[in-house]
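Inspection log for the structure reproduced underneath, given as structure tokens.
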Amino acid sequence: MKRLLLAVMAIIVFSSHTMFLKLDSYFLKPNTSATIQLYNGTFNKSENVIDRDRMLDASLIGNGERIKVTNSQWSEKDSITLLNFETGEEGTWVAAISTAPRSIEMTAEAFNTYLEHEGIYDMLEWRKKNSALDSAAVEKYSKHVKTIFQVGEKKTNDWQTPLGYPIEFIPLNNPYELNTGDSFKFKLLLNGSPLVNQLVYADFKGSSNAHSHDDTAATDHHSHDNKPSTSSEHTHDGSTHSHEKEPEKEHRHSEDSESHSHTSGQQLRTDANGIATAQLTADGIWYVQTIHLVPSEEEGMTHESNWSTLTFEVTHSHGADTHTHEASEGGIPSYLYWLGSLLLVSILFLWFNKKK
Amino acid sequence: MRGVKCKLVVFGIFFLAPFMLLAHGVSSADQEILNTGGLLSYIYVGAKHMVTGYDHLLFLVGVIFYLNGFKDIVRFITVFTLGHSITLIGATYLGIKADEHLIDAVIALSVLYKGFENLGGFEKYLKLKSPNLLFMVFLFGLIHGFGLSTRLQSFDIGNSQFLTKIVSFNIGVELGQIAALIPIVFLITKWKSKKSYDSFYKAANFYLIIAGVALFVYQIHGYLNGAH
């Protein structure tokens with residue numbers, strides 16, 4: 110019973126934060142103000158803001174130009190970091206952020222739970238096979254995220270520009286030339302080279318359930334950041350480590366009802382060329398995510414991980430003049446309703462008029 | 038005879054315009070408008086859905102047939118508006134929705150109900166006094182609002198200004214309702230003084246019953262066959 114309780118507690122507690130760049134709409138008008146939301150938590154709920162000095166790079170890429178985001182473009186709302194910008198000329202644009210590494214110290218059990226929870230099964234398997242499940246870990250981690258959005262109608266090739274991040278998804282098709290039902294092919298690069306046999310998760314948030322009311326919901330979370338300053342101590346399973354109280358609680362863990370969302374959706378594996386394909390099965394905001402975690406030779410570290418996500422939106426069609434889901438679609442054409450009803454009302458009127 | 042033909046054309050257009058439009062469902066074009074048009078686009082799409090939402094309008098046609106005088110119309114339309122605003126805003130904000138076909142099937146039944154009541158069906162066939170109309174209009178208002186909410190939730194409306202967007206959509210619904218009601222009230226009021234009004238009344242309400250049944254069957258078929 111105690112073991113079961115500990116396992117349950119561990120699952121609840123050890124929920125790490127994935128980073129996503131999100132927009133309310135991924136279809137924007139040229140030369141208008143827009144906002145990109147930087148979530149750190151799950152896809153549906155951001156747990157904390159990200160300090161600007163954590164960002165090694167923040168860029169907007171459009172029409173062949175890479176524009177550095179300035180400090181004045183950032184703001185914060187609740188636990189979401191906001192990037193305010195002007196959309197510029199028509200084209201397929203990319204926004205991207207790369208964060209500086211941080212480290213975290215974990216007990217063996219916490220580390221195992223984290224691997225299980227985040228779907229880092231290769232490392233978990235390795236630990237099992239090599240009897241390393243009892244080894245504690247000090248992990249150096251960093252996050253590198255992208256979003257692709259469409260400004261106006263014109264499609265440009267910026268979506269395939271490599272940004273030189275430690276890990277990054279490079280689409281092999283422009284997501285805005287794809288529709289629901291299509292396949293989305295992408296290449297995963299690690300330090301510029303194809304990352305082979307890497308687990309990637311692809312999932313989406315459907316259009317019909319696109320909003321969330323939990324952005325500001327109170328959560329009972331605490332950090333596992335091992336910075337000694339301003340920390341209070343808290344015990345997990347007999348070992349003690351620090352719990353940072355500062356606002357930016359990177360890689361912290363929370364009681365989150367969506368704590369299993371990290372590994373939901375399609376489970377993919379990159380091939381020998383670092384390529385994998387996700388099936389875009391529904392309208393909505395799609396995301397691919399991966400965590401590449403390997404043993405580290407660096408002094409004081411046991412592991413190093415690089416996290417990456419890519420978001421974009423998929424619809425049935427991307428033009429105002431394309432097809433709709435009207436009631437007549439696939440059913441009786443409108444003109445038949447029109448003719449049938451006109452005939453019916455006329456007959457009824459004449460019949461009642463004659464009867465009178 | 039010429040007068041009868043003329044009236045036929047007028048009320049043919051009056052009843053069938055909604056079927057001409059038939060854009061009651063979620064369209065990618067509407068999603069595009071919402072994506073790029075700000076809060077005004079929510080007002081526009083709300084108005085469009087009301088004007089082209091034939092089931093809502095058919096129900097209101099049935100209500101207006103029953104009423105006498107402008108004050109009466111304002112009273113009943115206010116109750117209907119109150120009802121659908123409660124569920125449209127409340128259900129959307131709370132993320133409560135139903136299967137679109139099922140809720141549209143219930144709305145179709147409200148059209149059938151109104152035609153049946155207007156023709157004295159309760160007294161004639163069920164030997165019952167028809168339920169309080171003001172209460173029923175409020176009740177059906179709640180149901181229609183839930184249908185509109187389900188429709189609104191079919192769109193990706195994002196997280197920012199969430200409540201404002203819902204309220205904007207609701208304002209659009211009200212504006213669309215007013216725009217649609219003006220010609221309907223005008224036509225019914227004008228026709229009341231004509232000899233053929235009785236035939237028009239019966240034909241229109243029989244049509245509501247048939248349209249209600251047809252829409253109900255259509256939606257249930259859609260639900261059972263997953264046609265949406």
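Sequence lines, in order, name chains V and R.
First residue of the first sequence: 110, per the working numbering; consecutive thereafter.
First residue of the second sequence: 38, per the working numbering; consecutive thereafter.
Positions of the beta carbon are idealized from the N, C-alpha and C atoms, including for glycine.
Owing to the predicted nature of the structure, the values given are computational and were not obtained by experimental measurement.
Can you tell me which of the three DSSP states V:F129 falls into? strand
Using the C-alpha atoms, what's the distance from R:G127 back to R:I133? If I take the Cα positions, the gap works out to 8 Å.
Which residues, in order along the segment 125-158 of chain V, keep a beta-carbon less than 9 Å from a beta-carbon of chain R? Correct list: K131, L132, D133, S134, Y135, F136, L137, K138, T141, T144 and Q146.
Would you report the Cα separation of V:V454 and R:G213, rounded to the nearest angstrom? 25 Å
Cα separation between V:E359 and V:E277? With a pLDDT of only 42 at V:E359, under 50, the local geometry of the prediction cannot be trusted, and the value read off the model is given with reservation. Answer to the nearest angstrom: the Cα atoms are 20 Å apart.
Backbone secondary structure at V:K294 - three-state DSSP: In this structure, DSSP gives V:K294 an extended state, which the three-state scheme calls strand.
Taking CB distances under 8 Å as the criterion, tell me whether V:L517 reaches chain R. Nothing about residue 517 of chain V can be read from this structure; chain V reaches only from 110 to 465.
Buried or exposed (CB count within 10 angstroms, at least 16 for buried), R:I140: buried
Counting only beta-carbon atoms, is V:V454 nearer than 8 Å to chain R? yes
How many angstroms separate the CA atom of V:L272 from the CA atom of R:V204? One C-alpha to the other measures close to 41 Å.
So R:N207 is in the alpha helix (DSSP H); what residue range does that whole segment cover? Element bounds for R:N207: F199 to W228.
R:M173 - DSSP class collapsed to helix/strand/coil: helix
Only counting the same chain, and skipping five residues up and downstream in sequence, which positions put a Cβ closer than 6 Å to that of V:G315? A391 and G393
Separation of V:G197 from R:Q256, as counted between CA atoms: 45 Å
For V:F461, which option in R:K232, R:N207 and R:E160 has the closest C-alpha, if you only look at C-alpha atoms? R:K232
Is there contact here, the segment 148-156 of chain R with the segment 236-246 of chain R, by at least three beta-carbon pairs under 8 Å? yes
Between R:F237 and chain V, is the shortest Cβ-Cβ distance under 8 Å, so that the two count as touching? So, interface residue.
Chain V contacts made by the segment 167-201 of chain R, where a contact means CB separation under 8 Å: Of all residues in the segment 167-201 of chain R, Q190, S191, F192, D193, I194, G195, N196, S197 and F199 have a Cβ within less than 8 Å of some Cβ in chain V.
Can you look up V:K249 in the DSSP assignment and give me helix, strand or coil? strand
Tell whether a beta-carbon distance below 8 Å holds between V:T265 and V:L191. no
R:I219 classed as buried or exposed, judged by whether at least 16 other C-beta atoms fall within 10 angstroms: Burial call: exposed.
Which whole-angstrom value is the C-beta distance of R:Y81 and R:G209, which I expect to be below 8 Å? 6 Å
Between the segment 399-415 of chain V and the segment 248-259 of chain V, are three or more C-beta pairs nearer than 8 Å? Touching, yes, given that three or more Cβ pairs across the two stretches are closer than 8 Å.
Take every Cβ of the segment 179-192 of chain R, pair it with every Cβ of the segment 119-126 of chain R, and state whether three or more of those distances are shorter than 8 Å. yes
State the CB to CB distance for the pair V:N300 and V:P275, rounded to an integer number of angstroms; the pair is presumed to be in contact (CB under 8 Å). 6 Å
In or out: V:K237 buried (at least 16 other Cβ within 10 Å) or exposed? Flag for V:K237 reads exposed.
Taking Cβ-Cβ distances shorter than 8 Å, what residues in chain V pair up with R:Y244? S450, L453, V454 and L457
C-beta neighbour in chain V for R:I247, strict 8 Å: yes
Among residues of its own chain, excluding the 5 on either side of V:E195, which ones have a beta-carbon nearer than 8 Å to its beta-carbon? N140, T141, S142 and A143
Considering only residues of the same chain and omitting the five flanking positions on each side of R:L104, which have a CB-CB separation below 8 Å? I110 and F113
Of all the CB atoms in chain V, is at least one closer than 8 Å to the CB of R:S233? yes
Any chain V beta carbon closer than 8 Å to R:A240: yes
If you reduce the DSSP assignment to three classes, tell me which class V:G273 lands in. coil
Terminal residues of the beta strand (DSSP E) in which V:S414 lies: Unbroken beta strand (DSSP E) run through V:S414: H412 to V423.
What are the uninterrupted segments assigned as alpha helix (DSSP H) that are 4 or more residues long and contained completely in the segment 138-171 of chain V, given in chain order? none
Let's test the definition: count the other Cβ atoms within 10 Å of the Cβ of V:P404 and tell me whether it reaches 16, buried, or not, exposed. exposed
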